[in-house]
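Notes to accompany the following structure.
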Amino acid sequence: AQSVTQPDIHITVSEGASLELRCNYSYGATPYLFWYVQSPGQGLQLLLKYFSGDTLVQGIKGFEAEFKRSQSSFNLRKPSVHWSDAAEYFCAVGGHPINTGTASKLTFGTGTRLQVTL
Amino acid sequence: KAGVTQTPRYLIKTRGQQVTLSCSPISGHRSVSWYQQTPGQGLQFLFEYFSETQRNKGNFPGRFSGRQFSNSRSEMNVSTLELGDSALYLCASSGGLAGEQFFGPGTRLTVL
Chain F
149 AQSVTQPDIH ITVSEGASLE LRCNYSYGAT PYLFWYVQSP GQGLQLLLKY
199 FSGDTLVQGI KGFEAEFKRS QSSFNLRKPS VHWSDAAEYF CAVGGHPINT
249 GTASKLTFGT GTRLQVTL
Chain L
8 KAGVTQTPRY LIKTRGQQVT LSCSPISGHR SVSWYQQTPG QGLQFLFEYF
58 SETQRNKGNF PGRFSGRQFS NSRSEMNVST LELGDSALYL CASSGGLAGE
108 QFFGPGTRLT VL
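Chains as they are written, first to last, in the numbering used here: chain F, 149 to 266; chain L, 8 to 119.
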């Protein structure tokens with residue numbers, strides 16, 4: 149069964165500081181990995197995805213993530229956090245599009261709530 | 008391109024009633040997935056429809072059902088509502104080459 153672990157429930161960083169949100173996954177085949185962000189009362193916005201190829205992927209809003217197969221991790225990073233980055237971040241794993249056509253049946257982690265202090 | 012739209016955005020129902028939620032995917036997308044988000048259980052997959060056929064299903068009781076129309080719009084229905092069905096219901100559409108899912112703003116259902 150597939151699963152995602154986000155070990156940090158809540159993280160507080162100062163504006164301008166660097167950020168790393170951790171994500172570990174369990175998946176029986178080649179994973180399709182995502183990071184989404186959710187602001188209060190809103191839907192999920194896709195930040196970035198890893199499908200295959202280069203293990204360092206760039207996303208929107210200055211975020212990047214690195215896929216490490218040996219560690220089953222897909223950590224999200226940002227070199228300098230802005231106050232507007234305060235939100236909840238979700239890591240997710242899904243079936244490989246080559247096999248399923250879409251990254252279907254996503255399994256999400258429990259989320260990490262990011263607070264940014266000025 | 009317009010994003011995923013969900014209607015209504017907010018709903019209040021009482022126990023025992025039924026409810027229908029609607030989702031219009033991004034134009035050209037043929038896959039629609041539904042997720043339930045609650046503080047206790049987090050984000051959980053309900054089901055996925057592709058070309059009017061249910062392709063995947065999560066672990067929810069039969070009270071939760073869905074369908075997809077020929078224009079890819081989807082509806083989900085919850086019958087005999089329970090207090091625990093109070094949640095944010097999110098719809099996601101997929102259809103690009105990379106297969107990623109794009110989410111709508113959700114429908115907030117409150118069951119009293």
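Note that CB positions come from ideal geometry on N, CA and C, so glycine has one too.
Given the structure is predicted, the values throughout are model-derived calculations rather than measurements.
Per-residue burial, residue i [other beta carbons within 10 Å of its own, 16 or more giving buried]
{"i": "P15(L)", "result": "exposed"}
{"i": "G73(L)", "result": "buried"}
{"i": "D202(F)", "result": "exposed"}
{"i": "E55(L)", "result": "buried"}
{"i": "P166(F)", "result": "As written in the sequence, residue 166(F) is Ser, which differs from the Pro given in the question. By the 10 Å Cβ count, S166(F) comes out exposed."}
{"i": "A9(L)", "result": "exposed"}
{"i": "L119(L)", "result": "exposed"}
{"i": "Y184(F)", "result": "buried"}
{"i": "T114(L)", "result": "buried"}
Within chain F, partners of residue i - CB distance below 7 Å
{"i": "S40(L)", "result": "S252"}
{"i": "N63(L)", "result": "S252 and K253"}
Under 9 Å from the C-beta of residue i: neighbouring residues of chain L
{"i": "L194(F)", "result": "E107, Q108, F109 and F110"}
{"i": "F182(F)", "result": "E107 and Q108"}
Proximal residues of chain F, C-beta to C-beta of residue i below 8 Å
{"i": "F52(L)", "result": "K253, L254 and T255"}
Amino acids of chain L, ordered along the chain, whose beta-carbon sits closer than 7 Å to that of residue i
{"i": "K209(F)", "result": "Simply none; closest approach about 16 Å."}
{"i": "Q150(F)", "result": "Simply none; closest approach about 10 Å."}
Under 9 Å by beta carbon: chain F residues contacting residue i
{"i": "L49(L)", "result": "For the record, residue 49(L) in the displayed sequence is Gly; it is not Leu. Here the neighbours are F238, F256, G257, T258 and G259."}
Run of the beta strand (DSSP E) containing residue i, from where it starts to where it stops
{"i": "K216(F)", "result": "E212 to K216"}
{"i": "N223(F)", "result": "S221 to K226"}
{"i": "T14(L)", "result": "T12 to T14"}
{"i": "L53(L)", "result": "G49 to F57"}
{"i": "E236(F)", "result": "A235 to G242"}
{"i": "G73(L)", "result": "F71 to Q75"}
{"i": "R170(F)", "result": "R170(F) -> no beta strand (DSSP E), and no H or E assigned at all."}
{"i": "V264(F)", "result": "T260 to T265"}
{"i": "N84(L)", "result": "S81 to V85"}
{"i": "S31(L)", "result": "V26 to S31"}
{"i": "F67(L)", "result": "Element bounds for F67(L): n/a, residue is neither H nor E."}
{"i": "R115(L)", "result": "T114 to V118"}
{"i": "W41(L)", "result": "S38 to T45"}
{"i": "S162(F)", "result": "H158 to S162"}
{"i": "Q190(F)", "result": "Careful: Q190(F) lies outside any beta strand (DSSP E) and carries neither H nor E."}
{"i": "A94(L)", "result": "A94 to S101"}
Under 8 Å by beta carbon: chain L residues contacting residue i
{"i": "Q190(F)", "result": "P112 and G113"}
Three CB pairs or more closer than 8 Å across the region 223 to 235 of chain F and the region 256 to 263 of chain F: yes
At least 3 beta-carbon pairs within less than 8 Å: the region 214 to 225 of chain F vs the region 167 to 186 of chain F: yes
The region 69 to 98 of chain L: positions lying closer than 7 Å to chain F by Cβ: L97
Segment contact flag, the region 98 to 114 of chain L with the region 35 to 43 of chain L, C-beta cutoff 8 Å, min 3 pairs: yes
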